[in-house]
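Below is one structure, written out as structure tokens, with a few remarks after it.
In this note's numbering, the protein residues as written are 221 to 1253.
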């Protein structure tokens, strides 16, 4: 006590000199440099030791901010009450993240009182339950009192302090609460708004953004003291550590959102990797919060946040530089947050002063950021919509290109087939002619022999071409399997050279084989290797005018490298990579001809199936085709797939040579049981893939060849229930049925199997009849479901076509005054290919046409015809022939293999003139009832879409009152009886004459009834029936 009194007596003058004076009308005063400071770095000194021996110094900065500080920070100040009142005032430290805060009130008699608080103590320990630390100070009027503060914290140490009156504190606190409510209201609105957008648009970026805003809001609640006081007042340690968790949560989802928004995984891998590392650091830092020192965790979190903003800023700049439009708003948003985080970090480490702006910088910046990022997300969705439209346009162009490529391929293949087929036909005709000459047949035996040889050779060429096409599609559909064995490279090459030698000798080309004895044997399919060599040798012979073609081989590591060299004209360097890809045949060097492109494509595929590679080298002296195959190390029959991942057979159980039945994937760790069930299934006509463990099962599943899976419940590596659940992630119940083989017959096992996605469950011992019947039942059910899906797809297609045709056909036939018309339209089945259209202006124009085919294609082509007619008829002064020619010019490049027959008539009502032109269509009939005879207008003209020159003509006829005009399609003639008898032209005209005295509807009804009687199939129509009747009044 004596020491305390002495210390107070010695320092009284100095304290009074630095005393804070509260004058009349006092409201609030900031404690800036009025507080003396002393740092106890050991943290062990008590109040008596500090008062007795501590040396306090004056502070230069306005707010004490020392960053991360060890020990206790002591602050000393005095307050003089000159307000004229004795009401209490309040000391407020408005930084709520201090661990321990103790206030010592020193009395004139040498005693003191102590109040302890801090965010490491329960919230109820505070004298005033407020988010900040508030201490009431009771100072008699006119008196001066001295106070000491002891503060320690594991985090940044900042002591912004002020003394306030009760009225000022209440008024300003209300304003602060309003501002904070506005901020958190904005955050909540942004969360709900973006959550709604996520539900509506199903864009994952919105959901990531919601989590990011949530993390940011939780951090702000903790940082400003609301989290502790309102939610967890009795959990100080948890709240203290949770700020690191909040930073980690915010950082994780902020990175996830930014990666999604900027699409760095696709467009900027160089910055995506650091973002992933920061994301991992956030997860690790958050998970270790309660296990590592708080200071270390906080430093890691702050450092990660700064690095995160920096990397995101750079990524956004790079994306904006590369033309990514939404990055503008994103960059602006992160600029505001970057500045806010930098201000917060500098303040936390004491590098800048504590003031209102630095204290609320993160809230100001984050509010601006979330609003700008919401704008950026909207711009991103708009950008995605634009990208979708571009992708759709690209897909449409690709589809057109694929269609063109298909047509070119069919044309080239037809050309390749036509020449040898014509040669075969010509040679066969010559042989038949020779055979018919019995007198000189013996003398011509050599000619017949030579002719048969040529015929056989030509047939081999055609057969080889067909086999190439079949091989290409087998490879494309993963239906090629390699029967591998150990093969001598020299022996296969020798056979290939022998097969090519006749053609080479005929062309004067020397064949060479240069394969040393030390070349390894290869592990390959002998037949396919011979096919590879023959393709390359035949190419070399074909494109070599003189010189030689040679086969060489050498050892290269674990491979054998083959080289086929010719002395032809070579290939241009730009074309070397493309010659192995179908539809991309390059311009070859002079003297070479473009082929069908299949041989080298198949060769490349077969080599890749073996696990090798092929390349081409060329110069003016010739071409070298170089490919590799693996050297022999193992034997066995190994099925191959284009992915080069082979399904290895179970050790000790060879894969059977597969037939044509469904493929059953059988998985069982018991080799004996596996072999027994495999034999049962093969004998029943199924193809079997055997797997003795989980790894082999996965390899077979990845090949995609299985139609049904039978798996043992206790398979080595994973149980049957787990396997079934994995299968259901990639296959539906009918796409790959699963039967689990168990050991018991309990209800629990059955229910677990069904819940795991199995189709059936059987128990050992497995009865052969039961197994086969259940397998067949599931396969039949699978086929029926697939067939039903196919029928539903066809029905949808027909609905589309039906809708198109309903819109194409006119609703009512409108004729000029003095003319009356009726229409018969009966499509074959659901959708027809017939179409009619009219245009009634000064003259009445009628188009009647028949498009080949039915369904959606026919409906689409019919719509093209209607559009082309609408364009053509709008052009003045065109004759019917010119209108048909205009329609032809519009549609001919879009019909493909289809064509259109069309008739076009024009009636001038004032002159009563009829004009008719036709393009491969039926004649126009005019019933002249006044003379009881039928007139026929039959101008010449060719089909639309087949040839360029249609040779269209126009015929005219003067109409008389009572004339009946009949236009129809060929469906009227194609009614066939069971004796294959058509309704002929003569009988149709007789029907027309017989109905001359009836109305139009009666005449049409009579003709329809006659057609039904003739066909004897009244509910079936072979082709669309369209007939238009026009009567002249």
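Every residue gets a Cβ at the ideal spot worked out from N, C-alpha and C, and that includes glycine.
Can you give me the start and stop residues for the beta strand (DSSP E) that residue 979 sits inside?
For residue 979, no beta strand (DSSP E) encloses it, and the DSSP letter there is neither H nor E.
By the 10 Å Cβ neighbour count, where 16 or more other Cβ atoms means buried, how is residue 1124 classified, buried or exposed?
Buried is the call here.
Sort 382, 294 and 719 by Cα distance to residue 731 and report the nearest one.
For residue 731, the nearest C-alpha among the options comes from 719.
Measure the C-alpha to C-alpha separation of residue 614 and residue 545 and round it to an integer number of angstroms.
In this structure, the alpha-carbon of residue 614 lies about 21 Å from that of residue 545.
CA-CA distance, residue 1106 and residue 1092?
The alpha-carbon atoms of residue 1106 and residue 1092 are separated by roughly 6 Å.
Where does residue 431 sit, in a helix, a strand or coil, going by DSSP?
Here DSSP, grouped into helix, strand and coil, assigns residue 431 to helix.
Taking one C-beta from the region 327-340 and one from the region 388-398 each time, how about it: are there three or more such pairs within less than 8 Å?
Too few Cβ pairs lie closer than 8 Å, so no.
For residue 804, three-class secondary structure by DSSP
Low confidence applies here, because residue 804 scores a pLDDT of 43, under 50, leaving its location unreliable; read the following figure in that light. Taken through DSSP and simplified to helix, strand or coil, residue 804 comes out as coil.
Distance between residue 1183 and residue 1089 (C-alpha atoms, nearest Å):
Looking at the two C-alpha atoms, the distance is approximately 27 Å.
Does the region 420-434 come into contact with the region 293-306, if we say contact requires no fewer than three beta-carbon pairs (one atom in each stretch) closer than 8 Å?
Taking a cut-off of 8 Å on C-beta distances, the region 420-434 does not touch the region 293-306, as fewer than three cross pairs fall below it.
With H, G and I counted as helix, E and B as strand and the rest as coil, what does DSSP make of residue 1084?
In the structure shown, residue 1084 sits in a helix (DSSP, three-state: H, G or I).
With three or more C-beta pairs closer than 8 Å as the rule, is the region 475-494 touching the region 376-383?
The region 376-383 makes no contact with the region 475-494; the number of CB pairs closer than 8 Å stays below 3.
Contact set for residue 1112: own chain, Cβ-Cβ below 6 Å, skip 5 residues either direction:
Answer for residue 1112: 1165, listed in chain order.
Rounding to the nearest angstrom, what Cα-Cα distance links residue 606 and residue 612 in this structure?
Approximately 10 Å between the Cα atoms of the pair.
Can you tell me whether DSSP reads residue 954 as helix, strand or coil?
Residue 954 falls in the coil class under three-state DSSP.
Tell me residue 1247's beta-bridge partners as DSSP assigns them.
Beta-bridge pairing by DSSP links residue 1247 to 1044 and 1188.
Neighbour-count burial assignment, residue 860, 16 or more Cβ in a 10 Å radius:
For residue 860, the predicted model reports a pLDDT of 33, less than 50, meaning its position is unreliable; a value from the coordinates is still stated below. Residue 860 should be labelled buried.
Among the residues of its own chain, which have a CB less than 8 Å from the CB of residue 779, if the five just before and after it don't count?
When the five nearest sequence neighbours on each side are left out, the beta carbons in the same chain lying within less than 8 Å of the beta carbon of residue 779 are those of 832, 848, 849, 850 and 851, in order along the chain.
Taking the CB atoms as reference points, tell me whether residue 928 and residue 884 lie closer together than 9 Å.
Yes, the pair counts as a contact, with Cβ atoms nearer than the cut-off.
Check the C-beta distance from residue 1130 over to residue 1180 and give it rounded, since I have them as a contact under 8 Å.
Wrong, their Cβ atoms sit about 15 Å apart, outside the cutoff.
Going by DSSP in three states, residue 377 sits in which element: helix, strand or coil?
Strand.
Pick from 1174, 1067 and 1094 that is closest to residue 1188, judged by C-alpha positions:
Closest by alpha carbon: 1067.
Drop a sphere of 10 angstroms on the beta-carbon of residue 305, count the other beta-carbons inside from all chains shown, and report buried for 16 or more, exposed for fewer.
Exposed, because fewer than 16 other Cβ atoms sit within 10 Å of the Cβ of residue 305.
Which parts of the region 691-770 are runs of the beta strand (DSSP E), unbroken and 3 residues or longer, counting only runs that do not cross its ends?
DSSP runs (the beta strand (DSSP E)) wholly in the region 691-770: 704-707, 729-734 and 742-745.
Where the beta strand (DSSP E) containing residue 1167 begins and where it ends:
Following the DSSP letters along the chain, one finds residue 1167 in no beta strand (DSSP E), marked with neither H nor E.
Measure the alpha-carbon distance for residue 514 versus residue 373 and round it to whole angstroms.
Pairing residue 514 with residue 373, the inter-Cα distance amounts to about 10 Å.
Near residue 466, which residues of its chain fall below 8 Å by C-beta distance, leaving aside the five closest residues on each side in sequence?
Close CB contacts of residue 466 within its chain, under the 8 Å cut and outside five residues either way in sequence, are with 435, 438, 439 and 442 (chain order).
Closest by C-alpha distance to residue 1046, when choosing among 264, 1192, 508 and 926:
Nearest in C-alpha terms to residue 1046, of all of 264, 1192, 508 and 926, is 1192.
Can you give me the C-alpha to C-alpha distance between residue 452 and residue 534, rounded to a whole angstrom?
Between the C-alpha atoms of residue 452 and residue 534 there is a straight-line separation of about 39 Å.
Nearest residue (CA-CA) to residue 253, options 243, 704, 239 and 245
Put simply, of 243, 704, 239 and 245 the residue whose alpha carbon is nearest the alpha carbon of residue 253 is 239.
Can you tell me which of the three DSSP states residue 397 falls into?
In this structure, DSSP gives residue 397 a helical state, which the three-state scheme calls helix.
Determine the burial state of residue 542: buried for a count of at least 16 other Cβ atoms within 10 Å of its Cβ, exposed for fewer.
Residue 542 counts as exposed, since fewer than 16 other beta carbons sit within 10 angstroms of its beta carbon.
Beta-carbon proximity list for residue 1175, same chain, < 6 Å, skipping 5 on both sides
Once the five neighbours on either side are set aside, the close Cβ partners of residue 1175 are 1136, 1157 and 1159.
With three or more C-beta pairs closer than 8 Å as the rule, is the region 469-480 touching the region 356-364?
Taking 8 Å as the limit for Cβ pairs, the verdict is that the region 469-480 does not touch the region 356-364.
Where do the ends of the alpha helix (DSSP H) carrying residue 480 lie?
456-482 is the extent of the alpha helix (DSSP H) around residue 480.
Just curious, the alpha helix (DSSP H) that residue 923 is in, first and last residue?
Element bounds for residue 923: 914-923.
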